[in-house]
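Taking my numbering, I'd label the letters of the sequence shown as residues 50 to 244.
For every residue, glycine included, the Cβ atom is placed at its ideal position computed from N, Cα and C.
Predicted, not measured: the structure shown is a model, and the values here were computed from it.
Structure first, then comments.
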Amino acid sequence: CKFFIDIIETIAKQSFKVEANHDEPIFLGKHHPYEGDNAQYRLEVEKNLLSLMKTYQIRFPKPKSLSNDQALIIPLIQMGMFNINNDRDFNIHLYSNLPIESKLYLATSYFNMTKEYENEIIDNKRKDTEISLLTASPQANGFYGSRGISRFVPIGYSENEREFIDRAEKKCSNDKQIQMFEYFRSQWTYHAKGL
50 CKFFIDIIET
60 IAKQSFKVEA
70 NHDEPIFLGK
80 HHPYEGDNAQ
90 YRLEVEKNLL
100 SLMKTYQIRF
110 PKPKSLSNDQ
120 ALIIPLIQMG
130 MFNINNDRDF
140 NIHLYSNLPI
150 ESKLYLATSY
160 FNMTKEYENE
170 IIDNKRKDTE
180 ISLLTASPQA
190 NGFYGSRGIS
200 RFVPIGYSEN
210 EREFIDRAEK
220 KCSNDKQIQM
230 FEYFRSQWTY
240 HAKGL
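Printed below as a string of structure tokens:
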């Protein structure tokens, strides 16, 4: 997607260039992030990213309606240090404004939902909404069977799931309101970034 290429190019213009014939990376932007004014650096990156995003919003306005055979794809960016939070804002809006009798399907390989998302989902006032969450089983987690401390990562995510389900069961009025599923296929891992 050209949008993401443009995002990368915008960030690259304000990043460090690493070259084999230089001992130190060369900073390409106006405001150095740690030898200069970090606040100015972050403001400059934010300004350039917002300008790029505005260009795309003008070039590709939101359609007034969609037919049943159309899909709307919305690229979302989350760069909190640059004050860009459309992924978070979109998800909070989605979770708190679900239509009547909605079905929401969410997938993530590493279940580490933020408290903000969790509260919106569990405290959802729409008791007629069905939410299905898909995540990796411990055996499908990329860290499963690894050496060292990382071998405990799948257990940590399973604990997150268990705590989430415990909280959900206390709040939800029926078994179908929030359901959790784990992906498992022998010798396979499950990778899906984000939530």
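For residue i, the first and last residue of its enclosing beta strand (DSSP E)
{"i": "Glu231", "result": "227-232"}
{"i": "Ile96", "result": "The question names Ile, but residue 96 is Lys in the sequence shown. First-last for Lys96: 87-108, but that is the alpha helix (DSSP H), not the beta strand (DSSP E)."}
One or two residues paired with residue i in a DSSP bridge
{"i": "Phe76", "result": "Phe65"}
{"i": "Gln127", "result": "Asn134"}
{"i": "Leu153", "result": "Ile180"}
{"i": "Ala185", "result": "Tyr232"}
Exposure of residue i, with buried meaning 16 or more beta-carbon neighbours within 10 Å
{"i": "Phe131", "result": "buried"}
{"i": "Pro148", "result": "exposed"}
{"i": "Ser158", "result": "buried"}
{"i": "Phe233", "result": "exposed"}
{"i": "Ala189", "result": "buried"}
{"i": "Asn173", "result": "buried"}
{"i": "Leu99", "result": "exposed"}
Close beta carbons around residue i, own chain, < 7 Å, minus the five adjacent residues each side
{"i": "Glu167", "result": "Phe213"}
{"i": "Glu231", "result": "Thr184, Ala185, Ser186"}
{"i": "Phe76", "result": "Phe65"}
{"i": "Tyr105", "result": "Phe52"}
{"i": "Leu125", "result": "Asn135, Asp136, Phe139"}
Alpha helix (DSSP H) segment containing residue i, residue limits
{"i": "Glu84", "result": "That residue, Glu84, is in no alpha helix (DSSP H); it is neither H nor E in DSSP."}
{"i": "Ala217", "result": "202-220"}
{"i": "Ile171", "result": "164-171"}
Neighbourhood of residue i by C-beta, 6 Å cutoff - its chain only, sequence neighbours within 5 removed
{"i": "Ile227", "result": "Ile180, Ala217, Cys221"}
{"i": "Ser151", "result": "Thr178"}
{"i": "Leu182", "result": "Leu155, Met229"}
{"i": "Ser145", "result": "Glu169"}
{"i": "Gln63", "result": "Gly78, Val94"}
{"i": "Lys176", "result": "Ser222"}
heavy atom of the ligand SAM below 6 Å from residue i C-beta
{"i": "Tyr193", "result": "For the ligand SAM, the structure offers nothing, since it holds no ligand at all."}
Neighbourhood of residue i by C-beta distance below 8 Å, restricted to the same chain and skipping five residues each side
{"i": "Asn161", "result": "Tyr206, Asn209"}
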